[in-house]
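Colleague: Sequence order for the protein chains is U and H. For the first sequence, full-length UniProt numbering assigns the number 1 to the initial residue and increments by one for each residue that follows. For the second sequence, full-length UniProt numbering assigns the number 1 to the initial residue and increments by one for each residue that follows. From the three backbone atoms N, C-alpha and C, an ideal C-beta is built for every residue, glycine too. In this text, all values refer to a predicted model and were calculated from it rather than measured experimentally. Here you go, one structure.
Protein chains: 2
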Amino acid sequence: MDNDTAKHLADLRRSIDNVDAALVHMLAERFRFTQQVGRLKAQAGLPVSDKHRESEQIARLRQLAEEANLDPAFAEEFLNFIVAEVIRHHEKLASDS
Amino acid sequence: MDNDTAKHLADLRRSIDNVDAALVHMLAERFRFTQQVGRLKAQAGLPVSDKHRESEQIARLRQLAEEANLDPAFAEEFLNFIVAEVIRHHEKLASDS
Chain U
1 MDNDTAKHLA
11 DLRRSIDNVD
21 AALVHMLAER
31 FRFTQQVGRL
41 KAQAGLPVSD
51 KHRESEQIAR
61 LRQLAEEANL
71 DPAFAEEFLN
81 FIVAEVIRHH
91 EKLASDS
Chain H
1 MDNDTAKHLA
11 DLRRSIDNVD
21 AALVHMLAER
31 FRFTQQVGRL
41 KAQAGLPVSD
51 KHRESEQIAR
61 LRQLAEEANL
71 DPAFAEEFLN
81 FIVAEVIRHH
91 EKLASDS
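Following this line, the structure appears as structure tokens:
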């Protein structure tokens, strides 16, 4: 790898690292909100999973992904990945309460 | 579900929707950077995957996750999930070039 390539690669990786830090902090904030949702659902005796809400979220995220030139199928997998973690949290809350 | 609970839930969901829109746009930006990395690697004949870089990223993200009170194991799974998609893109680039 020549010097220019190495510099260019290091530069891109610094940007990726910045984006990743932002992603981690957005995810942390998202879980703070979903933990509030979990507590609310546990108090009200609501089911941890809400298929209607999830299908609305998927449709909305696919649309946003298309606008941002991101693969909508990937955006949907991404949401499913996060929602699976959220449901694990909610189930733990429901069983603890 | 009483009115207050319904309002509180709707309010939290609006915040989650905002965070998700931010996540989708950060992810789109991240893939723009990794696509540049992919092109650079394909031009320089570098391998699509870089285990040393990946282990550095994992260690850093776990640290950031802890600081943000996010489960470090989840942060690592999250990075693996994204990197798997990035490697699919890079392999496609390498095979197209």
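Roughly how far, in whole angstroms, is the beta-carbon of residue 35(U) from the beta-carbon of residue 89(U), given that I think they are within contact range, below 8 Å?
Modeller: That belief holds up - the Cβ atoms of residue 35(U) and residue 89(U) are roughly 6 Å apart, short of 8 Å.
Colleague: At 8 Å on the CB atoms, spell out the chain H contacts of residue 76(U), in chain order.
Modeller: Those within 8 Å of residue 76(U) in chain H number zero; the least Cβ separation is about 11 Å.
Colleague: Can the beta-carbon of residue 9(H) be found closer than 7 Å to that of residue 26(U)?
Modeller: Taking 7 Å as the Cβ cut-off, residue 9(H) and residue 26(U) do not qualify as a contacting pair.
Colleague: Could you tell me the distance, in whole angstroms, from the CA atom of residue 98(H) to the CA atom of residue 76(H)?
Modeller: There is no way to answer for residue 98(H), as the model of chain H reaches only from 1 to 97.
Colleague: Quick one: give me the first and last residue of the alpha helix (DSSP H) that residue 59(U) is part of.
Modeller: Residues 51-67.
Colleague: Report the neighbours of residue 95(H) on chain U: residues whose CB is nearer than 7 Å to its CB, in chain order.
Modeller: Neighbours of residue 95(H) on chain U: none; closest Cβ ~18 Å, over 7 Å.
Colleague: Along the chain, where does the alpha helix (DSSP H) containing residue 72(U) start, and where does it finish?
Modeller: Segment 72-96, the alpha helix (DSSP H) holding residue 72(U).
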